[in-house]
Amino acid sequence: MNITTYSEKLARYGKKTITKAQLETLFSETGDEALFSIVDALQKDALLEPVHSARTNGNRIYPIYLKYRITLPSNSFGMEQEEISRLHPMLQNRGILRKKPAEYRRYRDALIMLDQYLFAEKAERIPISRKERSFEIFGEEKMLDDTTFCRMLEKIGLDKNRLAYYDTPEYCFNDFIPERKEKMTLLICENKDIWFNIRRRMFEDNASILFDTHIDGVVYGCGNQISQHNALTVYTDFMGGAQFSYLYWGDIDRAGLNIYLSLVKNNPGTDIKLFIPAYEEMLELARNTKIPDSADMRQLLGDYEKIYYNISSQNREFLKENILENKRIPQEIITYELLLLKMR
0 MNITTYSEKL
10 ARYGKKTITK
20 AQLETLFSET
30 GDEALFSIVD
40 ALQKDALLEP
50 VHSARTNGNR
60 IYPIYLKYRI
70 TLPSNSFGME
80 QEEISRLHPM
90 LQNRGILRKK
100 PAEYRRYRDA
110 LIMLDQYLFA
120 EKAERIPISR
130 KERSFEIFGE
140 EKMLDDTTFC
150 RMLEKIGLDK
160 NRLAYYDTPE
170 YCFNDFIPER
180 KEKMTLLICE
190 NKDIWFNIRR
200 RMFEDNASIL
210 FDTHIDGVVY
220 GCGNQISQHN
230 ALTVYTDFMG
240 GAQFSYLYWG
250 DIDRAGLNIY
260 LSLVKNNPGT
270 DIKLFIPAYE
280 EMLELARNTK
290 IPDSADMRQL
300 LGDYEKIYYN
310 ISSQNREFLK
320 ENILENKRIP
330 QEIITYELLL
340 LKMR
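This is how it looks when you write it as structure tokens:
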């Protein structure tokens, strides 16, 4: 048994106490015999101390207390304390990370990226959505969805106001069309944040030209829901009277392209095209960004060649590489700040 491995896991746990059930999860051990050996070794190294009032599991051969105090030696965080001392002053506010170096160790990679972001900050930020800011800072649009991480940032003083992001609200209706016309071009967005931002610009600023393309309204596709059989056809019929054409815009990954292919296949006779200027902009921005892997493990689906054909020659191979390597460029790479420049 390598006790170092278990002590490192215990150090990353980031709390002062731990229950038997939490130890089982942390060490991936559910049997009392194996867990007892680990706990006994950690106690001998003075890394765990039983909470006697919590009683034991009742096993006379392999007695394990139901709760322990984590007693890591203070010098076990020497490297972390040194790194914390070099962070941006905002991250050292109130001494939170110094008091909880285990939390720093747990979120070290994210905090280093946040440190770089704060040092590069030159002007007051325009508020953008949570996922957009998350991708901008961490290269991952869901990092700011981690409630434990966000609570720690709030204690430091880096709340949503300081980092200038907001949560997009849930809406009962999924479209915004400022003015009904006989002929209309509607933009379908896979994700809520970009839909909300475009809607915001159309509502607040009467903007209707996006990447030099005129749009009459914006529809929230809600991921795969828009691509269900006849879903867009039923929507079009319900609107009645007008002649509709659609532009589709989603994430650049296999899932996003598959949604578009399914959308076209499941709505024959409906005019649906990719919103190419937006994809071109995303690809250009992604060249200067570390692109995350996609969590979607599905295989390639359908004929992407028609999609590749519509992309400019300077971006076509870059797009192919990202799809073949199962990478993901989320729509959140286009922030509200960028929309202020690209939409009028």
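Counting in the working numbering, the sequence shown runs from 0 upward without gaps.
The beta-carbon is built from N, C-alpha and C at its ideal position, and this holds for glycine as well.
It should be emphasised that the depicted structure is a prediction, and the values quoted were computed from it without experimental measurement.
Item: Rounded to whole angstroms, what's the CA-CA distance from T184 to I271? Just pull it up for me.; Value: 10 angstroms
Item: What do you reckon, are the CB atoms on F243 and T235 nearer than 7 angstroms?; Value: yes
Item: Per the contact definition of three or more C-beta pairs closer than 8 angstroms, is the segment 132 to 151 in contact with the segment 201 to 213?; Value: no
Item: Below 8 angstroms CB to CB, which residues in the same chain sit around Y164 once its five sequence neighbours on both sides are set aside?; Value: P126, I127, S128, R129, E131, R132, S133, L143
Item: Am I right that D292 and R327 are in contact with their C-beta atoms under 8 angstroms? What's the rounded C-beta distance?; Value: 7 angstroms
Item: Name the two residues that bound the continuous alpha helix (DSSP H) containing F134.; Value: 129 to 137
Item: Beta carbon of I187, beta carbon of G216: below 7 angstroms?; Value: no
Item: When DSSP labels each residue in this structure, what does G216 get in the three-state scheme?; Value: strand
Item: Inspect the beta-carbon positions of L41 and L34 and report whether they are closer than 7 angstroms.; Value: no
Item: Whole angstroms is fine: what's the gap from Y5's alpha carbon to R68's?; Value: 15 angstroms
Item: State yes or no: is the C-beta of I83 within less than 7 angstroms of the C-beta of L96?; Value: yes
Item: Which same chain residues, not among the five before or five after R104, have their C-beta less than 8 angstroms away from its C-beta?; Value: A10, R11, G13, F76, E79
Item: Under a three-way DSSP split, which group does R59 fall into?; Value: coil
Item: So for F175, helix, strand or coil by DSSP?; Value: strand
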